[in-house]
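When the letters of the sequence shown are read in order and numbered with UniProt numbering, they come out as residues 1 to 882.
Backbone N, C-alpha and C fix where the C-beta goes; we use that ideal spot for every residue, glycine too.
Report on the following structure.
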Amino acid sequence: MKKQIGDRYEPKEVESKWISLWEEKKSFLPNENSEEIFSIVIPPPNVTGSLHIGHALNHTIQDILIRIERKKGKSTLWLPGMDHAGIATQMVVERELAKEGKKRTDFTRQQFEQKVWEWKEHSGGTIVKQQRLLGESVDWTRERFTFDEGLSKAVFKVFKSLYDEGLIYRGERIINWCPASQTAISDLEVEFRETKGKLYHIKYPIHGQKDRYAVVATTRPETMLGDVAVCANPDDERYASLKNVVLDLPLTDRRIPLLFDSFVDKEFGSGLVKITPAHDANDFEAGQRLGLKPLLVMNPDGTMNENAGAYEGLDRFEARKKVVADLEAKGLIEKIEDHVHAVGHNSRGGAVIEPYLSTQWFVKIRPLADLAVKAVRTGQVEFVPKMWEKTFFEWMNNIRDWCISRQLWWGHKIPAYHCKTCKHIEVSETDVSTCPSCGSKEVEPDPDVLDTWFSSQLWPFSSMGWPEQTADLKRYYPTSVLVTGFDIIFFWVSRMIMMGMKFMEAPPFHKVLIHGLVRDKDGKKFSKSIGNVIDPLVMMEKYGTDSFRFFLAATLPEGKDILFDESRLDGYRSFCNKIWNSSRFILMNLEEDFVPTGITTEIENDLEPMDEWILSRFNHCLEEYNKAHSKFHFYEMTSAIYEFVWGDFCDWYIELVKPRAYGKVTERSAEVAKQVLVDVLTRALGLLHPFMPFLTEEVHSVFSDRFLAVTPYPESYPISKDSPGVQKLNLLQEIVTKIRVLRAENGVTPDKKCKAIIKSSDELGSAAIRENEVSLLQLARLESVNIEPTYEIQKTDSVSHFSKGEVVLPLAGLIDVAKEKARLEKELQKAEVEREKLEAKLANPGFLSKAAPDVIEKEREKLKTFLDKVEVLKKGIQNLAG
């Protein structure tokens, strides 16, 4: 062939070339002629984002799936897009303005929005460029943005519909409030951090009863200024005598009742709890049951308000210090304990979140949640692994109404209009300037915007053009699979199912593939504060994108987290080089006029046993690969193709066929060998392609003008795995492997030629050796091999059993027995020490209770490795001892 590849694999050159060519040729548009459909909508990354390790894993999985189905001839749509990311984007733009000495309020709302759009145009979308570097085969012509005009139209229509049905309402409830950014935030944006704090036991005087107190413990003493009651369990005998008593609320002139309600856990603390409905979600619900009026003692910026009396104007944390000092001065602190507890922080800015009573817009979620639960229970939506369905149901059964309003300037404006004259609220998909209730012109739009998740919950169908009944919507909805992490099942996945069932009368996807997180090699989460964060772009630059992608898939066990061990990336880089060098060897031995014909009938008639064997091994690989793919077991898919390509094809078949490729046999044998080499390589490249798109496309381009990305999925060969030729080569492989193991166990280095005796009377085994003697001598590095069924084994012989007999390696005169025995004993001693350490570690209850499951599993795997090593070394020593 005239085409060749370079003598070294250079990932950067290959990757940049194919990123451009694929897009130029529009390789990833759906095949509109196919009736079989496979579609995925990409979980839209934030417009402010950049590619992190979680994105890399998630997007690689999706790309593997879409590339496989594309090769199977289906009409595949992988639809990309980005989320406008309300609070995150506003924070980025405000930081940029701060560099100029400006702030958001220096502009009108419209001017600020224009600033955001300008930022989005010039700086937003960094992650899209990085997605291209990862090799994602999305249809960029259909790229969407949650703030696109069409998607915004969908948002307003859904809001209006849910409002008219009574499923959206405006009311006063406890929400997550960020005093720093002064907005409500979603549960997902609250990051709970283990914090060292204090537990304050405060004495509430019983009114009219000298020196009698009710003791209540709290971590937030400043909120006691908003207490409206103290509560005990009605079955708690300690407080039976205190029914109908009134308490003096410390540091105020107010009196509050001591009430009884079964929600109080009488076993926890003193058995008394303070009720602060305006500053605690549980207290709010209790207050509603008990008919208590909330009292808000804090301003939106986190300072104390007029209801806090003498503490008005103080920051909440300064107020805490002063409240405690004043309580101590009055003798109303029983004790203060060190206390570690989870404190909510804004994941975007780090401010401590305040549970806060506020008037907001909410979705009445229960009726919608029931639709989602039904979709999963009836099998319309299937979670993979199935264990996540239990988690889904638990979340759905305990779901609360959803606060959807945000006090931001960037986002979808809530389509509601307030009449200043009659207080009527009109919800409309179009602008309202006149009150439809009283005719007043004094109408103002609602100042709030919608939670970003409100628009992203519509993504599977709004991105395809809904509410218009587009061709894409008709053809590609519902989508085939959603790939996501478990951490957003509740916040996003469940809501998409709700909206799909509500507005499309069909779920948004048939399967939800849940993958684990990527952690460091010790099982810790990646964290900037710890300093263990991995930049996928750095890994791609260092090892090549194909190596990185293959690593992610190969180390992804079902339902578990990935432990990121960079040393494994080096191994997969070596795998890429192996593929490249083997492909180059094949190309170098093809004549300029060589034309790949595939395994035609004429070629089939002239196949030799080694050819039949490699075709059979490919069939086995394909079977395992397909079986794993049907279960989404990506690590098993990579294992199957890795073992076939590196082992069966490169290390065995290429070595076996070299004399024929070099032309040292008949011309026909050489031609058959070359056709088999090329055909098996190209089919193997087809299986590798979803994992390693760049390398495989480059090598394949030498053999074909058609892109590998769109060539048909590889098929199996019409070869029986039980044919005599295949069985003979299987035996040859088994014998060579046994000899290699014996050599390694006994320290016979590769540069030493030795003899081997096959003790077997099996006719097929004997034929395998006789017919492939030259290959056996070469592959096992032997000077001779003899078949001796009656051979008597000597003390200095090393023996291993195989399926048809025994392999014997006579060691007399080959090695220094005493020296080799000493070496093995030293190795055994080291291995025993490591084994004992690991056994002690895995027997330690402290380690087992604290370590992550994946860390424990990794240590167990290490122990198994050392146990196997100990057995091998013991066997080697035993062999030398005779």
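Query: If you measure between the beta carbons of residue 219 and residue 196, is that distance less than 8 Å?; Result: no
Query: List the whole-angstrom C-beta distance separating residue 552 from residue 56, where the pair is believed to meet the contact cut-off of C-beta under 8 Å.; Result: 6 Å
Query: Please state the DSSP three-state secondary structure of residue 130.; Result: helix
Query: Determine the direct distance from the alpha carbon of residue 586 to that of residue 149, and round the result to whole angstroms.; Result: 54 Å
Query: I'd like the span of the beta strand (DSSP E) that includes residue 520, first residue to last.; Result: 518-520
Query: Using a threshold of 8 Å, state whether the C-beta atoms of residue 709 and residue 638 are closer than that.; Result: no
Query: Answer yes or no: do residue 932 and residue 831 have a C-beta to C-beta separation smaller than 8 Å?; Result: Outside the displayed range of the chain (1 to 882) lies residue 932, so it cannot be described from this structure.
Query: Specify the secondary structure class of residue 784 as computed by DSSP and reduced to three states.; Result: strand
Query: Given 8 Å as the limit, is there contact between the stretch 94-101 and the stretch 503-512, that is, 3 or more CB pairs closer than that?; Result: no
Query: By the DSSP assignment, the beta strand (DSSP E) with residue 205 in it spans what residues?; Result: 190-205
Query: Please state the DSSP three-state secondary structure of residue 710.; Result: helix
Query: Among all the DSSP beta bridges, which residues are the ones paired with residue 754?; Result: 782
Query: Could you check what DSSP says for residue 545 in three-state terms: helix, strand or coil?; Result: helix
Query: Would you kindly report the start and end of the unbroken alpha helix (DSSP H) that includes residue 12?; Result: 11-24
Query: Note down the Cα distance separating residue 519 from residue 754, rounded to an integer number of angstroms.; Result: 47 Å
Query: Could you pull the DSSP bridge partners for residue 298 from this structure?; Result: 304
Query: Please state whether the Cβ-Cβ distance between residue 255 and residue 245 is less than 8 Å.; Result: no
Query: Tell me whether the beta-carbon of residue 621 lies closer than 8 Å to the beta-carbon of residue 695.; Result: no
Query: Given this structure, state the Cα-to-Cα distance separating residue 343 from residue 534, to the nearest angstrom.; Result: 27 Å
Query: If you draw a straight line from the alpha carbon of residue 485 to that of residue 391, how long is it in whole angstroms?; Result: 13 Å
Query: Look up residue 122 in the DSSP assignment and say whether it is helix, strand or coil.; Result: helix
Query: Give every residue of the same chain whose Cβ lies closer than 6 Å to the Cβ of residue 661, excluding the five residues on either side of it in the sequence, and list them in chain order.; Result: 589, 673
Query: Considering only residues of the stretch 11-93, which uninterrupted beta strand (DSSP E) runs meet the minimum length of 3 residues and lie entirely inside it, listed in chain order?; Result: 37-41, 75-79
Query: Is the stretch 407-422 close to the stretch 105-118, with three or more CB pairs under 8 Å?; Result: yes
Query: May I ask you to report which of helix, strand or coil DSSP gives residue 378?; Result: coil
Query: Of all the options 806, 632, 75, 789, which has the alpha carbon lying nearest to the alpha carbon of residue 386?; Result: 632
Query: Taking just the CA atoms, how far does residue 222 sit from residue 180?; Result: 18 Å
Query: Rounded C-beta distance between residue 297 and residue 308? I'm assuming under 8 Å.; Result: 4 Å
Query: With a CB to CB cut of under 6 Å and the five nearest residues on each side skipped, what residues in its chain are close to residue 863?; Result: 838
Query: Going along the chain, which residues of its own chain have a beta-carbon closer than 8 Å to the beta-carbon of residue 345, five neighbours each way excluded?; Result: 190, 191, 192, 193, 351, 352, 353
Query: For residue 491, which residues of its own chain have a beta-carbon under 8 Å away from its beta-carbon, when the five flanking residues on both sides are left out?; Result: 186, 187, 188, 453
Query: So what does residue 171 bridge to, in DSSP terms?; Result: 360
Query: Look at the alpha carbon of residue 74 and the alpha carbon of residue 487, and state the distance between them as a whole number of angstroms.; Result: 31 Å
Query: With a CB to CB cut of under 7 Å and the five nearest residues on each side skipped, what residues in its chain are close to residue 120?; Result: 47
Query: From this set, 58, 5, 347, which residue's C-alpha is nearest residue 550's C-alpha?; Result: 58
Query: Could you check which residue in 542, 578, 332, 416 has the C-alpha nearest to that of residue 158?; Result: 416
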